[in-house]
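One structure is given here, and the rest of the page talks about it.
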Amino acid sequence: MHFDSIDGWKVLAGLGLFLFGMFMLEEALKKLSGRAFKKFLRKQTGNPVRAVLAGFFSTAILQSSSLVSLMVLAFCGAGIIQLKNGIGIIIGSNLGTTLTGWIVATFGFKFNIESFVMPFLAIGGLGLIFFSKSEKLSNVSKLIAGFGFLFLGLEYMKSGISDFSSAFDISTFQGKPLIIFLLLGFILSGIIQSSSAVMVIVLSALDAGILPFTSAVAMVIGSDLGTTLTALIGSIGGNTIKKRAGFSHFFFNLFTSVIAFIFIHPLLYFVNNILGFEEKLIALVAFHSTFNLLGVLIFTLLLAQFAKLITILIKEKRTGFSTYLKTATPSVSEASVEALKMESHLFIEFVLRFNKQVICNEEKNGTLFGSDFSYLEEYEKIKKYESEIASFYAKTQQGELIESESKILSMVILSVRNASLSAKYLKDIEHNLNELKNLTEEYLQELYSEIVFYQKTFYTHIDAVLNVNEVFTDEDEIPDLIAKNKEFSNKEMELIYKKSAKFKTEGIEISSVLNMLMEIYNSNRSMIRALSEIRQINALAKPA
Numbered sequence: 051m052h053f054d055s056i057d058g059w060k061v062l063a064g065l066g067l068f069l070f071g072m073f074m075l076e077e078a079l080k081k082l083s084g085r086a087f088k089k090f091l092r093k094q095t096g097n098p099v100r101a102v103l104a105g106f107f108s109t110a111i112l113q114s115s116s117l118v119s120l121m122v123l124a125f126c127g128a129g130i131i132q133l134k135n136g137i138g139i140i141i142g143s144n145l146g147t148t149l150t151g152w153i154v155a156t157f158g159f160k161f162n163i164e165s166f167v168m169p170f171l172a173i174g175g176l177g178l179i180f181f182s183k184s185e186k187l188s189n190v191s192k193l194i195a196g197f198g199f200l201f202l203g204l205e206y207m208k209s210g211i212s213d214f215s216s217a218f219d220i221s222t223f224q225g226k227p228l229i230i231f232l233l234l235g236f237i238l239s240g241i242i243q244s245s246s247a248v249m250v251i252v253l254s255a256l257d258a259g260i261l262p263f264t265s266a267v268a269m270v271i272g273s274d275l276g277t278t279l280t281a282l283i284g285s286i287g288g289n290t291i292k293k294r295a296g297f298s299h300f301f302f303n304l305f306t307s308v309i310a311f312i313f314i315h316p317l318l319y320f321v322n323n324i325l326g327f328e329e330k331l332i333a334l335v336a337f338h339s340t341f342n343l344l345g346v347l348i349f350t351l352l353l354a355q356f357a358k359l360i361t362i363l364i365k366e367k368r369t370g371f372s373t374y375l376k377t378a379t380p381s382v383s384e385a386s387v388e389a390l391k392m393e394s395h396l397f398i399e400f401v402l403r404f405n406k407q408v409i410c411n412e413e414k415n416g417t418l419f420g421s422d423f424s425y426l427e428e429y430e431k432i433k434k435y436e437s438e439i440a441s442f443y444a445k446t447q448q449g450e451l452i453e454s455e456s457k458i459l460s461m462v463i464l465s466v467r468n469a470s471l472s473a474k475y476l477k478d479i480e481h482n483l484n485e486l487k488n489l490t491e492e493y494l495q496e497l498y499s500e501i502v503f504y505q506k507t508f509y510t511h512i513d514a515v516l517n518v519n520e521v522f523t524d525e526d527e528i529p530d531l532i533a534k535n536k537e538f539s540n541k542e543m544e545l546i547y548k549k550s551a552k553f554k555t556e557g558i559e560i561s562s563v564l565n566m567l568m569e570i571y572n573s574n575r576s577m578i579r580a581l582s583e584i585r586q587i588n589a590l591a592k593p594a
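Residue numbering for the sequence shown follows our numbering, starting at 51 and increasing by one per position.
Structure representation (structure tokens):
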């Protein structure tokens, strides 16, 4: 046996062309499918079965389980898709990747590939040059060229390996433990990060006669597990939802691979004798599809329990202040816009609790602030929270956004800014409020009581309106809040002017009280503006 007879560069060139073709296909389909693909994923996740089917069809069409997984992580993070349905899509995408093997086994070894791919490369390559100004035609050309490069890479790998087959003694592999081939497939797939590419390599070796059929089957089993390494490594140190999704992918592949390896001979009997696939190339891809389908069927039935187990095993570790932004991906515009909308709602609620504490001395012993409440420390939390939202907003702005999404983002960041200003106005006068509260004069106590009573009513109204999920039906809601805020401020200021002669004896300046009333007015006005932006966001997001 002479290992130097294999044309290593030709095989590597073939692998490079194959992966490049896959990359072009993924990029083209990602651009061509666009929002239609995202809407499809969102609509087809009502139950576990539909989620699994969505994962299968999406990956079968896009030929990229990584792209589908990215969408799933983004939508799960934004709360659009539940974790169990997200796992369902990932499971379904595993089955979708087996389609590549069927295409290659059916067409790649039965035709003159060189004559077959030339039209694809010619049309695709020329199209990329001549239609570069048309995004749609350019992506169609990229799609066509991608198919060409994919099959051209296959031809190079076949050619390089077939040169080796004449000098290769197949008896070398006889009697070797199958676990060796499983590990080989695992390592190879882990390095290349494409089970489809490993499948093509194994099919080429099997077709050339240098790899026994059972050994090829073991390699394919190992390759399925190897593709999860990137997701697993990438999830370590990441946010909770990514860890859960990454580990669920790994556990699913680990389970199916172990089952397939343990029952390798019964499954082969089923494929060869029951299904009737005797031709070795077709039998190999049929085996690959069969054990993946078996895993999908088992996990679909136990999807809810599996999701609960993953949630228990991988507990959430709270860092930072945001809830939805931690698990969203800025590059996925639809999901990131949805996450920002929901995060802005939480931010306003966070500010409202702070404002209530400053004015009404509420929730001092609650879970939000704890017993050692410090206004300055809590205000710093608000600023850091706002910075998290602003940073995510800036990253999302760099992506591809449609007009309605740009409008929503502008209103989201404006609502957050106004809510933050509302907190700032009150933080600046907290000492004045405390001073007023401790004065003994009856009219000053009345003033303080009126401020607290009005603000409690105001915050209750804001709370009620904020927690209505639908678009506000009362068109006078915002103008009414504005008018009442102005009316209260003017009334209290007039009262202060009338009582101004008595202020110096109490050790408090009239300017301080007037400034305090103005800051309360400004705080309320900013909160109303934040609420108004939320109202407009809901109106824009409401389906036609």
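In this text, a Cβ means the ideal position worked out from N, Cα and C, and glycines have one as well.
Source: prediction; values computed, not measured.
Counting C-beta pairs closer than 8 Å gives three or more between the stretch 469 to 476 and the stretch 568 to 588, which meets the contact rule. Of all C-beta pairs linking the stretch 63 to 81 to the stretch 179 to 197, three or more are shorter than 8 Å, placing the two stretches in contact.
In the three-state DSSP reduction, E328 falls in the coil class, being neither helix nor strand. Around the beta-carbon of L353, 16 or more other beta-carbon atoms lie within 10 Å, marking it buried. Bounds of the alpha helix (DSSP H) holding L363 are L353 to L363. Within the same chain, and ignoring the five residues on either side of V267 in sequence, the residues whose Cβ sits closer than 6 Å to its Cβ are F337. In this structure, the straight-line span from the alpha carbon of E384 to that of A444 is close to 15 Å. Here V252 is buried: its Cβ has 16 or more other Cβ atoms, across all protein chains shown, within 10 Å. Under the three-state reduction of DSSP, V466 is assigned to helix. Just measuring C-alpha positions, the residue of E455, L347, K431 and H315 sitting nearest L390 is E455.
Contact check for T306 against V321 fails: the beta carbons are separated by 7 Å or more. Rounded to whole angstroms, the separation of the alpha carbons of L375 and L234 is 39 Å. Only residues of its own chain outside the window of five on either side were considered, and among them N468 have a CB closer than 7 Å to the CB of R579, listed in chain order.
Taking C-beta atoms under 8 Å as the contact rule, V335 and T148 qualify, at a distance of about 7 Å. In the three-state reduction of the DSSP assignment, A378 falls in the coil class, being assigned neither a helical nor a strand state. Comparing alpha-carbon positions, the option among K457, I312 and F397 lying closest to D513 turns out to be F397. Counting C-beta pairs closer than 8 Å gives fewer than three between the stretch 583 to 590 and the stretch 494 to 510, which falls short of the contact rule. Annotation: G146 to V122 spans about 15 Å, alpha carbon to alpha carbon.
Taken atom to atom, the span from the alpha-carbon of A440 to that of I463 is near 7 Å. Taking 7 Å as the cut-off, the beta carbon of T350 is found closer than this to the beta carbon of V102. Y509 and P529 have their C-alpha atoms roughly 16 Å apart. In the three-state DSSP reduction, F371 falls in the coil class, being neither helix nor strand.
A Cβ-Cβ separation of about 6 Å places V502 in contact with C410 under the 8 Å criterion. Taken atom to atom, the span from the alpha-carbon of R294 to that of F302 is near 12 Å. DSSP places K226 outside both helix and strand once states are collapsed to three, so it counts as coil. For K445, the uninterrupted alpha helix (DSSP H) segment begins and ends at Y425 to Q447.
A straight-line Cα-Cα distance of about 29 Å links I560 and E430.
A residue is called buried when at least 16 other Cβ atoms come within 10 angstroms of its Cβ; Q448 does not meet this threshold and is exposed. One thing to note: M566 has its Cβ within 7 Å of the Cβ of I479. Annotated three-state conformation of S182 is coil, per DSSP. Between the alpha carbons of L67 and G203 lies a gap of roughly 5 Å.
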